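Please read the structure below before turning to the comments.
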Amino acid sequence: MTKTDLTDDPQRFVTAASAIEPGLQVEPVNGRDPASVARLAAWCGKGETVALLGSSGVGKSTLVNTLRGSSSIATQAIRPRDDTGRHTTTVREMHRLDHGGWLLDTPGMRELQLPQATAGIAEIFDDFILIAEHCRFSDCAHGAEPDCAVRAAINAGTLTIDRFERWQKLAAEDNAAAHPPKRRR
Ligand SMILES: Nc1nc2c(ncn2[C@@H]2O[C@H](COP(=O)(O)OP(=O)(O)OP(=O)(O)O)[C@@H](O)[C@H]2O)c(=O)[nH]1
Ligand SMILES: [Mg+2]
Ligand SMILES: [Zn+2]
Numbered sequence: 258m259t260k261t262d263l264t265d266d267p268q269r270f271v272t273a274a275s276a277i278e279p280g281l282q283v284e285p286v287n288g289r290d291p292a293s294v295a296r297l298a299a300w301c302g303k304g305e306t307v308a309l310l311g312s313s314g315v316g317k318s319t320l321v322n323t324l325r326g327s328s329s330i331a332t333q334a335i336r337p338r339d340d341t342g343r344h345t346t347t348v349r350e351m352h353r354l355d356h357g358g359w360l361l362d363t364p365g366m367r368e369l370q371l372p373q374a375t376a377g378i379a380e381i382f383d384d385f386i387l388i389a390e391h392c393r394f395s396d397c398a399h400g401a402e403p404d405c406a407v408r409a410a411i412n413a414g415t416l417t418i419d420r421f422e423r424w425q426k427l428a429a430e431d432n433a434a435a436h437p438p439k440r441r442r
């Protein structure tokens, strides 16, 4: 998580980001400060390649520059009017770190598409899937069906509505990717 220098309370954002996924590790950094980003070096040692992903302007190229002690990659201030980036990086490029790892700087994401992510979604949402196995109907949509274990878990507070909605969104996208609309002749 970059730009922690822009808030008096970075912990608030770390807590919010950590809540997205159990076990998620969040490293708060000021991307322009070498002492701050030094803690990221351990994530990219010899033989490892790390790809930086995120919306335009979040500070991917800045991280690469600071980790390499260089300013060779162009970076650009975000638009003050709406805080969005300017799509400064336009190519994917690999950069070597002195201690051996490689960083892959990428253009800011405009869209993410899921190709065949069923297994990955099942793995990430294993807690949700364990709960859903207890619904009365195996094809339960977790809406108004009787004996829905998912709604029961949400009511009991053991599953958050946010997490359920994230699963719903990803499952719908995955389903759409598996059944692309037929082209008209
Ligand atoms: N204050 C502060 N500014 C930062 C930090 N990281 C990046 N910036 C600034 O944010 C702006 C955007 O940074 P970039 O590194 O160009 O962002 P990017 O993610 O590579 O953007 P694209 O190449 O457009 O995808 C620049 O003005 C950076 O100097 C940070 O941790 N703190
Ligand atoms: Mg960039
Ligand atoms: Zn259900």
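For the sequence shown, the working numbering assigns the number 258 to the initial residue and increments by one for each residue that follows.
C-beta: ideal position from N, C-alpha, C; glycine also.
A quick note: this is a predicted structure, and the numbers were derived from the prediction, not measured.
Let me make sure I understand the geometry here. Which of the options has the alpha-carbon closest to that of residue i?
| i | options | result |
| --- | --- | --- |
| F336 | R393, H399, S313 | According to the sequence provided, residue 336 is Arg. The question's Phe does not apply to it. Ranking the options by Cα distance to R336, first place goes to S313. |
| E363 | H352, Q370, A413, H356 | Looking at the sequence itself, residue 363 is Thr, so the reference to Glu does not match. Closest by alpha carbon: H352. |
| Q373 | H436, F394, V271, K303 | H436 |
| D262 | G326, R343, R423, A292 | A292 |
| D290 | Q370, T323, E278, K439 | T323 |
| F382 | D266, L361, S395, L427 | L427 |
| F385 | S275, R408, G365, M366 | R408 |
| N432 | L360, V315, A376 | A376 |
Hey, quick one: how far does the beta strand (DSSP E) through residue i stretch, first residue to last?
| i | result |
| --- | --- |
| A308 | 306-308 |
| R408 | Premise fails: R408 lies in the alpha helix (DSSP H), 406-413, not in any beta strand (DSSP E). |
| R353 | 350-353 |
| L360 | 359-362 |
How far does the alpha helix (DSSP H) with residue i in it extend, from its first residue to its last?
| i | result |
| --- | --- |
| L320 | 317-325 |
| W424 | 418-435 |
| E380 | 375-381 |
| V294 | 291-294 |
Less than 8 Å separating the Cβ of residue i from some heavy atom of ligand 3?
| i | result |
| --- | --- |
| R420 | no |
| A413 | no |
| H399 | yes |
| A428 | no |
| L338 | The identity of residue 338 in the sequence shown is Arg, whereas the question assumes Leu. Checking every heavy atom of ligand 3 against the Cβ of R338, none is found closer than 8 Å. |
Shorter than 8 Å, the distance from the beta carbon of residue i to the closest heavy atom of ligand 1, or not?
| i | result |
| --- | --- |
| L320 | yes |
Is any heavy atom in ligand 2 found nearer than 8 Å to the beta carbon of residue i?
| i | result |
| --- | --- |
| G377 | no |
| I444 | Beyond the ends of the chain as shown, which are 258 and 442, falls residue 444; an answer cannot be given. |
| K317 | yes |
| G288 | no |
Checklist line | Validate contact between the segment 337-350 and the segment 383-392 using beta carbons, cut 8 Å, 3 pairs | finding: Cβ pair count under 8 Å is below three, so no.
Check: Between the segment 353-360 and the segment 408-422, are three or more C-beta pairs nearer than 8 Å?
Finding: no
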